[in-house]
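Below you'll find the structure, written out as structure tokens, and then a few comments.
Protein chains: 2
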Amino acid sequence: MRTRDEGKEQLIKEHSIKMIVKKGLDGFSIQNLAKAAKVSPATIYIYYKDKEDLIVTIGAEVFEEVLSHSLKNFTPDMSFAEGLKVQWKNRADYFMSHPVKVQFIEQLRYSQLYVKIGKKIAPDFKIAMSQFAHKAMANKELVKLPFEVYWSIAFAPLYQLIKFHSEGKSYVNEQFQLTDKEMNQSLKLVLKALKP
Amino acid sequence: MRTRDEGKEQLIKEHSIKMIVKKGLDGFSIQNLAKAAKVSPATIYIYYKDKEDLIVTIGAEVFEEVLSHSLKNFTPDMSFAEGLKVQWKNRADYFMSHPVKVQFIEQLRYSQLYVKIGKKIAPDFKIAMSQFAHKAMANKELVKLPFEVYWSIAFAPLYQLIKFHSEGKSYVNEQFQLTDKEMNQSLKLVLKALKP
DNA sequence: ATTATAAATGAACGAACATTCATTTATATT
DNA sequence: AATATAAATGAATGTTCGTTCATTTATAAT
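Sequence lines, in order, name chains P and Y.
Residues in the first sequence are numbered from -9 upward in steps of one, following my numbering.
Residues in the second sequence are numbered from -9 upward in steps of one, following my numbering.
Here it is, written out as structure tokens:
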């Protein structure tokens, strides 16, 4: 039997991400993807059941990539401040080296497919995130809070900064670049908020 | 000459918002909108130049609605803590009474049309937001920060909480409801972070 | 009452869409 | 070398899309 050309699958993935970020989920078509990836439209259906399956599958993959990257050099025995810092740094590093992938998942986060993607994500990460927060609360390194409140304070600012950076500007300034300076400034404030 | 039926325009707007939230920008078509709003597809083109113009125009309108609502009972002479509290409360109130509209603009914020919508927003709000922050910094009620860092800490957590509430759950919990308790808890932490 | 004019319409347009099908191609197994 | 099989394809399928057009309808102005 003929073997799968893994290069083709890779091209399909890369161009899917690139095209969705550039044109949006509307404006993204299988026929254009086929042209860009230089394969037949029919080839795409060898690798994915249909268009939704393609987006959800690739979305979940990239999502897991971000999450696993965010736990690099992270150990459960770290102090809360250290642990949060490592996670911020990891997420920021990943964004700086893979900005298009991050824009891709941010777009999916606000799409109707997000629920289906969420169901595909391995529970390991969710458990690790949750345990880290609860341990820190038990140790009185972190104010006692519902997980959602903790998460919103701890990470939403980082993602908003990344969004400002992607757009290259904000509501009031025509130019914005996220550098270590703003990162550290923000993380310091977040820690100040969350420390008891 | 025949006069415009304002009811029709209203129906077009309402169903556009509802359909985009339900089906996404992909999955939103003029022909389905026409059916839902019980008008001819051609009628839609009397009110809007094309599909993009419809989305951008309605998007900018709803956006301004949110922004103007967020400045209710807000005066520039308020203290930073008071001012931020009023803005949080207003945004939360607006969300609780118009959840679909908020989901609509949140979706647009992460779409490719956001740049075009941003250009349609009256600059008044941007100026007011900026002045409020700068005045508070001058008065030493607020840490001196780049606007983007301030904004990310001050408001991104609120929007993330609203998102958790819309989804009805978060990464780790199967159930989540945003109530005054979580709101006040979060606002308190944000103020703690931002006060010098 | 008549006229002028813009609103409103249903049907129609070609283009683009997701997906399938009949055929060819490459390779692992025999 | 021959065979079996899944990969890969270009062309075709029927459907849905955004938009336009010829016609009718409602109303303000005459």
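Cβ atoms here follow ideal geometry from the backbone N, Cα and C, with glycine treated the same way.
Interface residues of chain Y around residue i at Cβ under 7 Å?
| i | result |
| --- | --- |
| Lys182 (chain P) | Lys182 and Ala183 |
| Pro136 (chain P) | Glu172 |
| Met119 (chain P) | Tyr161 and Val162 |
| Ser101 (chain P) | Gly14 |
| Ala211 (chain P) | No information on residue 211 (chain P) is available, as it lies outside the stretch -9 to 186 that chain P covers here. |
Counting only Cβ pairs nearer than 7 Å, list the residues of chain P close to residue i.
| i | result |
| --- | --- |
| Phe64 (chain Y) | Residues of chain P passing the Cβ test: none, with the nearest at roughly 16 Å. |
| Lys116 (chain Y) | Tyr161 and Val162 |
| Phe154 (chain Y) | Glu138 |
Which whole-angstrom value is the C-beta distance of residue i and residue j, which I expect to be below 8 Å?
| i | j | result |
| --- | --- | --- |
| Gln150 (chain Y) | Ala146 (chain P) | 4 Å |
| Phe137 (chain Y) | Ala123 (chain Y) | 6 Å |
| Glu96 (chain Y) | Tyr100 (chain P) | 6 Å |
| Ile48 (chain P) | Lys3 (chain P) | 6 Å |
| Gly14 (chain Y) | Leu23 (chain P) | No, Gly14 (chain Y) and Leu23 (chain P) are not in contact; Cβ-Cβ is about 18 Å, not under 8 Å. |
Starting from the beta carbon of residue i, find every residue of chain Y whose beta carbon is closer than 9 Å, and list them in chain order.
| i | result |
| --- | --- |
| Gly158 (chain P) | Here the premise fails: no neighbours, minimum Cβ distance about 10 Å. |
| Glu96 (chain P) | Tyr100 |
| Pro31 (chain P) | Residues of chain Y passing the Cβ test: none, with the nearest at roughly 18 Å. |
Going by other Cβ atoms of all chains shown within 10 Å of its Cβ, with 16 needed for buried, is residue i buried or exposed?
| i | result |
| --- | --- |
| Gly73 (chain Y) | buried |
| Gly(-3) (chain Y) | exposed |
| Ile34 (chain P) | buried |
| Met9 (chain Y) | buried |
| Ile117 (chain P) | exposed |
| Lys12 (chain Y) | exposed |
| Gln0 (chain P) | exposed |
| Lys62 (chain Y) | exposed |
| Met(-9) (chain P) | exposed |
| Ile36 (chain Y) | exposed |
| Ala128 (chain Y) | exposed |
| Gly158 (chain P) | exposed |
| Met173 (chain Y) | buried |
| Lys91 (chain P) | buried |
| Gly17 (chain P) | exposed |
| Met86 (chain P) | exposed |
| Gln121 (chain P) | exposed |
| Ala183 (chain Y) | buried |
| Ser60 (chain P) | buried |
| Lys134 (chain P) | exposed |
| Ser142 (chain P) | buried |
| Ser6 (chain Y) | buried |
| Ala32 (chain Y) | exposed |
| Lys28 (chain Y) | exposed |
| Lys75 (chain P) | buried |
Mind pulling the chain Y residues with CB within less than 8 Å of residue i?
| i | result |
| --- | --- |
| Phe53 (chain P) | By Cβ distance, chain Y contributes nothing, its closest Cβ being about 11 Å from Phe53 (chain P), past 8 Å. |
| Ser176 (chain P) | Val139, Ser142 and Ile143 |
| Phe122 (chain P) | Neighbours of Phe122 (chain P) on chain Y: none; closest Cβ ~11 Å, over 8 Å. |
| Leu151 (chain P) | Glu138, Val139 and Ser142 |
| Leu132 (chain P) | Chain Y residues near Leu132 (chain P): none, gap ~11 Å exceeds 8 Å. |
Please list the partners that residue i has in chain P, where partner means a Cβ-to-Cβ separation under 8 Å.
| i | result |
| --- | --- |
| Gln165 (chain Y) | Correct list: empty, because the minimum Cβ distance to chain P is about 10 Å. |
| Leu61 (chain Y) | Chain P residues near Leu61 (chain Y): none, gap ~14 Å exceeds 8 Å. |
Fill in: Cβ pair count under 8 Å reaching 3, the segment 37 to 56 of chain Y against the segment 104 to 117 of chain Y
Touching, yes, given that three or more Cβ pairs across the two stretches are closer than 8 Å.
Fill in: Validate contact between the segment 158 to 171 of chain Y and the segment 110 to 127 of chain Y using beta carbons, cut 8 Å, 3 pairs
Per the Cβ contact rule, the segment 158 to 171 of chain Y is not in contact with the segment 110 to 127 of chain Y (fewer than 3 Cβ pairs under 8 Å).
Item to complete: Report yes or no: do the segment 170 to 182 of chain Y and the segment 75 to 88 of chain Y share at least 3 C-beta pairs separated by less than 8 Å?
Response: Output reads yes: the segment 75 to 88 of chain Y touches the segment 170 to 182 of chain Y.
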